[in-house]
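Colleague: A single structure is presented below for examination.
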Amino acid sequence: MNGGDEVVTAPAGPPQPLDWKFSQVFGERTAGEEVQEVDIISAIEFDKTGDHLATGDRGGRVVLFERTDTKDHDALRRDLERTDHPINRHPEFRYKTEFQSHEPEFDYLKSLEIEEKINKIRWCQTANRALFLLSTNDKTIKFWKVQEKKVKKISEMNLDPPKAVGNGCVASSSNSNSPTLCLANGGSSGNDFSFPPGGLPSLRLPVVTSQETNLVARCRRVYAHAHDYHINSISNNSDGETFISADDLRINLWNLEISNQSFNIVDVKPANMEDLTEVITSAEFHPTHCYMLAYSSSKGSIRLIDLRQSALCDSHAKLFEEPEAPGSRSFFTEIIASISDIKFAKDGRYMLSRDYMTLKLWDINMDSGPVSTFQVHEYLRPKLCDLYENDSIFDKFECCLSGDGLRVATGSYSNLFRIFGCAPGSTEATTLEASKNPMRRQVQTPSRPSRSLSSITRVVRRGAETSGVDANGNSFDFTTKLLHLAWHPTENSIACAAANSLYMYYA
Amino acid sequence: MSTVEAPLYPIAVLIDELKNDDIQLRLNSIRRLSTIARALGEDRTRSELIPFLSENNDDDDEVLLAMAEELGVFVPYVGGVEHAHVLLTPLETLCTVEETCVRDKAVESLCKIGSQMRENDLIERFTPLVKRLAAGEWFTARVSACGLFHIAYPSAPETLKTELRSIYGQLCQDDMPMVRRSAASNLWKFAGTVESAHLKADIMQMFEDLTQDDQDTVRLLAVEGCAALGKLLEPQDCAARILPVIVNFSQDKSWRVRYMVANQLYELCEALGPEPIRTDLLPAYVRLLRDNEAEVRIAAAGKVTKFCQILSPELAIQHILPCVKELSLDSSQHVRAALASVVMGMAPVLGKDATIEQLLPIFLSLLKDEFPDVRLNIISKLDQVNQVIGIDLLSQSLLPAIVELAEDRHWRVRLAIIEYIPLLANQLGVGFFDDKLGGLCMQWLQDKVYSIRDAAAKNLKHLAEEFGPDWAMQHIIPQVLEIANDSHYLHRMTLLRAISLLGPVMGSEITCSKLLPVVVNASKDRVPNIKFNVAKVLQSLISVVDQSVVEKTIRPCLVELSEDPDVDVRYFAVQGLQSIDQVTMSS
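Quick note, the sequences are listed as chains G and P, same order.
For the first sequence, the tail end lands on 660 under my numbering, and the numbers increase by one without skipping.
For the second sequence, the tail end lands on 635 under my numbering, and the numbers increase by one without skipping.
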């Protein structure tokens, strides 16, 4: 485990806070434009290289973006790095393609509507320039291949298409009953043709002329009928061969190539559903150890399981829980403890979890409590009752870690998201708004001394909210929540979703 | 362009459809690629068709799969072995596609072609292809490369051989687990072609690397090849190099690896002498039988008989039998079921005394198992125990088990036991059968589940075949015919089904005297379903009875039914009459 190395070898003192800037927006709303429900983004995911980004929406569509700035500048970048110049290039993306991944369905046996909303997207191993990804709604996972295909233009046929049609629809592909066709393709029983030794010179092969290409998304496999409850997570294994899917009560293990069977590896369903006290809220494979996976629960615990131990992993290898502070118990304690998302850091040593009020960073070698806790919503504590009444308390915010593991980020209300430094000694805590001017909120802050991030006078009270941002907490808008966001795997760049718009920032 | 003469028309369509928009038509054309090649002639196949296929390889996977398969047998169409190398180009591209089944097929076809190619072509054309794939940018090419080394290696000159070994070594340490998996699962094939000295040095080094891989799935496949690899080595080398690895694997942290060992252990024993079996493999196997993961115990229990067969009876009794006893009381029903399906085979190995003393109590406890599959597995292998200890000892415990299964509330269990009744009848003999099981066979005819009633009717037929018509006349027919008066029409329908099955076995005479009157009587049933089934049964009896009976009894009955108010009854009656006419005409 070398997770701590980066922290240890980092130059003395915590890294400098980052200066975040607006980079791009896709699907920006014009003033007064109403957001269509189906356009609301419900999943965001970078691929492993960071060259591609995928979003899913409530309408069951998956949109792919590709990075435009890297390919030709790699050499240049290396030069710049060597001469220690600041690099002013940042990831830029362009729309690549989109496809309809899921359609609304109806389960007739259970009389249930199955929404087309994309719950999660995960990228798989790229091969031959084709992109592969898994997308899931509540019930069904699909494996997609997106690839450039040649647009075929055929010339030089043996038979002129119009003439062939005149001769009894021979070339008409739809009519497989036409008599000539049967002759052509039905003679498999024997070598009923006899040909001269040199072949027949009058026959020619079709010639394909056009070399134009276009992107085609094809659904390669459908992994269905394995979940009784709603799927909340999918996660690829580092072995490149398997993945898991988790619903409220069970986690199943699949082989990517086999869609008709899966193995149940975790089942928390009690014999009597009345005894149910805890559900699975999120699950993820360890980034390098193929046998290890973590899942979080609605009671605020994370369980680490070892697939090597047993076929059915009902007993966890490690349990991560924060001991409850005595006397602090209230009606909402359990609700706000529920973990909405967990992520492993790239090195696999740390795990990040998000509950309603906080972000917590865990060391997988330390199960006594989190390494650090970052307050995200502390100012909402007095309003929990209202949040409960309007169901906002059940909002599921996602969280993410930077590729270097030094920072963490998560979303909030009013289209805000927060970034914290998690290196030891770091006091970095930034609040940004998903808009073209991410620092807008801070600018209003009277108590804030300066926007200059190099300034050592900058005061950020770690943990507690910086007063200005949230002092006027009343103005927080619970309908505009920033649930989904993702950190670029190698650079300081964040993609986040505000309703139907995808905002990207860099530092 | 449209100058194709009439006889060529079909082949012209076939060629044009290589590029049709409809995938089914493209698939058809690819499947008949050999016809196209013959029409074009060998020269143009080489110069036009093969390049055409090489260029148009971004098709659907189904088409590519078919192409990969066809090309494997294409050598005659390109002009024989001396031109076989032209086929390498399209197959090389197919080796790099993303779909595993296409790649596997392309590798298979390349191996087929490579094994026919001339040595010179192998060195100049095939080996470079293998090297290109092994150095491929995408993992798909490298995965395919692993499966081709055993073709390229034997004919390569010494320097090239060294290079190939080193490339394979690199593949075993590739970044992508998929490549390492492919290297692991193909290692034994490659090893089979490598000279003994290099086998011991290079190949074993690769093997050891793979066995220490941190991906469970790679280690898993390394185990799978263990036995095959072991057989290539001298027994002492095998004991020195493979045995420690296997013993180590049998205690691997991952239950999946141990599961694989449990499955492979027996084969590895064949490669080793008796001594290492006793000192190393036996303790390893005993550990696996007592593994804490049920899946591993299932795999180990399933091999218990095979393993005992290579041990001396003393060792089996001393070491394996205690484990078998434990397994028969295992907490997992699947372990007990796996044990039950093979444990019978131990009887001949252990001999009569040990069987009666030690094994019989185990059989009996498994026969009383609460899980029906366990009991069924024992019963299905009854013939094996019978040979050793005789049925008398068993019958006492057997019968309650059978009766219980016969009345199990799961109809699939009842179905399974019915299917074993002929075997039981054969083993138990007429006397025992009459006393104990006859009643059950009749009872099933009136089961609530159709499948059971149907199986019961078939069972009667098997019994009649087993014990002969005379016995059937005495023990089956009277009871069956009684059902004719049953008030439930579904039961009466079962009777008709039984009659149609029994008729051919019982012969013309009994059919005419006993069965036919019942059928004819049933044609006056008030339920139309019965009546049209009568029509169907009569139709099936036409071939059993004499022509005169057909005319005298069957035809009038069918004629009457053909005027029935119910449309279905009329339909089947008319069908019956038609088949009478057909039989009459043909005779």
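Even for Gly, the Cβ is constructed at its ideal location relative to N, Cα and C.
None of the values given here were measured: they were computed from a predicted structure.
#1: Comparing the C-beta of residue 128 of chain P with each C-beta of chain G, is any distance below 8 Å?
#2: Give the range of the alpha helix (DSSP H) segment to which residue 265 of chain P is assigned.
#3: Relative to the C-alpha of residue 161 of chain P, which candidate in P/462, P/272, P/196, P/276 has its C-alpha closest?
#4: Can you grab the Cα-Cα spacing for the pair residue 641 of chain G / residue 186 of chain G, in whole Å?
#5: Confirm, please, whether the CB-CB distance from residue 583 of chain P to residue 624 of chain P is below 8 Å.
#6: Less than 8 Å between CB atoms is the rule here; does residue 49 of chain P satisfy it with respect to chain G?
#7: Could you have a look at residue 465 of chain G and say whether DSSP puts it in helix, strand or coil?
#8: Please report the straight-line C-alpha distance between residue 184 of chain P and residue 190 of chain P, rounded to a whole angstrom.
#9: Identify every residue that forms a DSSP beta bridge with residue 220 of chain P.
#10: Between the stretch 348-363 of chain G and the stretch 56-69 of chain P, do at least 3 Cβ pairs fall closer than 8 Å?
#11: Please name the residue, chosen from G/478, G/500, G/445, that lies closest to residue 396 of chain G on a Cα-to-Cα basis.
#12: Name the chain P residues that come within less than 9 Å of residue 361 of chain G, Cβ to Cβ?
#13: Rounded C-beta distance between residue 352 of chain P and residue 385 of chain P? I'm assuming under 8 Å.
#14: Keeping to the same chain, check which residues put their C-beta closer than 6 Å to that of residue 264 of chain G; ignore five residues upstream and five downstream.
#15: In chain order, what residues of the same chain have a beta carbon less than 6 Å from the beta carbon of residue 604 of chain G, not counting five sequence neighbours either side?
#16: Compute the beta-carbon to beta-carbon distance between residue 553 of chain G and residue 638 of chain G, rounded to the nearest angstrom, for a pair I have assumed lies under 8 Å.
#17: Is the shortest distance between the beta-carbon of residue 122 of chain P and the beta-carbons of chain G less than 8 Å?
#18: Measure how close the beta-carbons of residue 97 of chain P and residue 78 of chain P come, nearest whole angstrom, since I'm counting them as under 8 Å.
#19: Contact between the stretch 464-475 of chain G and the stretch 428-442 of chain G is defined here as three or more beta-carbon pairs at a separation below 8 Å; is this criterion met?
#20: Across which residues does DSSP place residue 302 of chain G in a beta bridge pair?
#21: Taking Cβ to Cβ, would you say residue 578 of chain G is nearer than 8 Å to residue 570 of chain G?
#22: To the nearest angstrom, report how far apart residue 465 of chain G and residue 419 of chain G are at their CA atoms.
#23: Which two residues bound the contiguous beta strand (DSSP E) that contains residue 553 of chain G?
#24: What residue from P/324, P/415, P/481 has the CA that sits closest to residue 452 of chain P's CA?
#25: Skipping 5 residues on each side, what residues in its chain have a beta carbon closer than 7 Å to that of residue 529 of chain G?
#26: Would you check if there are 3 or more beta carbon pairs closer than 8 Å linking the stretch 164-172 of chain P to the stretch 200-212 of chain P?
#27: Using a Cβ-Cβ cut-off of 8 Å, state whether residue 482 of chain G counts as contacting chain P.
#28: Count the other CB atoms, across all protein chains shown, that sit within 10 Å of the CB of residue 296 of chain G; report buried if there are 16 or more and exposed otherwise.
#29: So, for residue 347 of chain P: in the same chain, excluding its five sequence neighbours on each side, which residues have a beta-carbon less than 6 Å away from its beta-carbon?
#30: With three or more C-beta pairs closer than 8 Å as the rule, is the stretch 187-197 of chain G touching the stretch 246-263 of chain G?
#31: For the stretch 525-565 of chain G, list the alpha helix (DSSP H) runs that are entirely contained and at least 4 residues long, ordered along the chain.
#32: What is the rounded straight-line gap between the Cα of residue 472 of chain P and the Cα of residue 504 of chain P?
#33: Taking the straight line between their C-alpha atoms, what separation do you get for residue 499 of chain P and residue 509 of chain P?
#34: Does the distance from the C-beta atom of residue 193 of chain G to that of residue 653 of chain G stay below 8 Å?
#35: Excluding the 5 residues preceding and the 5 following residue 160 of chain G in the sequence, name in chain order all residues of the same chain whose CB lies nearer than 7 Å to its CB.
#36: Which class does residue 186 of chain P belong to by DSSP, given the choice of helix, strand or coil?
Modeller: Well, looking at it:
#1: no
#2: 264-280
#3: Out of P/462, P/272, P/196, P/276, the CA that lies nearest to the CA of residue 161 of chain P is found in P/196.
#4: 30 Å
#5: yes
#6: Because residue 49 of chain P carries a pLDDT of 43, less than 50, the predicted location of this residue cannot be relied on, and no value is offered for it.
#7: coil
#8: So the alpha carbons of these two residues sit roughly 6 Å apart.
#9: According to DSSP, residue 220 of chain P bridges with nothing at all.
#10: Put simply, the stretch 348-363 of chain G touches the stretch 56-69 of chain P. At least three CB pairs are less than 8 Å apart.
#11: G/445
#12: 67, 100, 103, 104
#13: Not really, about 13 Å apart at Cβ, beyond 8 Å.
#14: none
#15: Only weak support is given to the placement of residue 604 of chain G: the predicted model assigns it a pLDDT of 37, under 50, and the question is left unresolved by the model.
#16: 6 Å
#17: no
#18: The pair is not a contact, with the Cβ atoms about 11 Å apart (cut-off 8 Å).
#19: no
#20: Residue 302 of chain G is bridged by DSSP to G/367.
#21: no
#22: 6 Å
#23: 552-554
#24: P/415
#25: When the five nearest sequence neighbours on each side are left out, the beta carbons in the same chain lying within less than 7 Å of the beta carbon of residue 529 of chain G are those of 510, 511, 512, 563, 565, 571, in order along the chain.
#26: With a cut-off of 8 Å on Cβ pairs, the stretch 164-172 of chain P is in contact with the stretch 200-212 of chain P, counting three or more such pairs.
#27: no
#28: buried
#29: When the five nearest sequence neighbours on each side are left out, the beta carbons in the same chain lying within less than 6 Å of the beta carbon of residue 347 of chain P are those of 307, 310, 311, in order along the chain.
#30: no
#31: 537-542
#32: 15 Å
#33: 16 Å
#34: yes
#35: In this prediction, residue 160 of chain G has a pLDDT of 43, which is less than 50 and means its spatial position is unreliable; what the coordinates show is noted afterwards. Same-chain partners within the cutoff: 576, 577.
#36: coil
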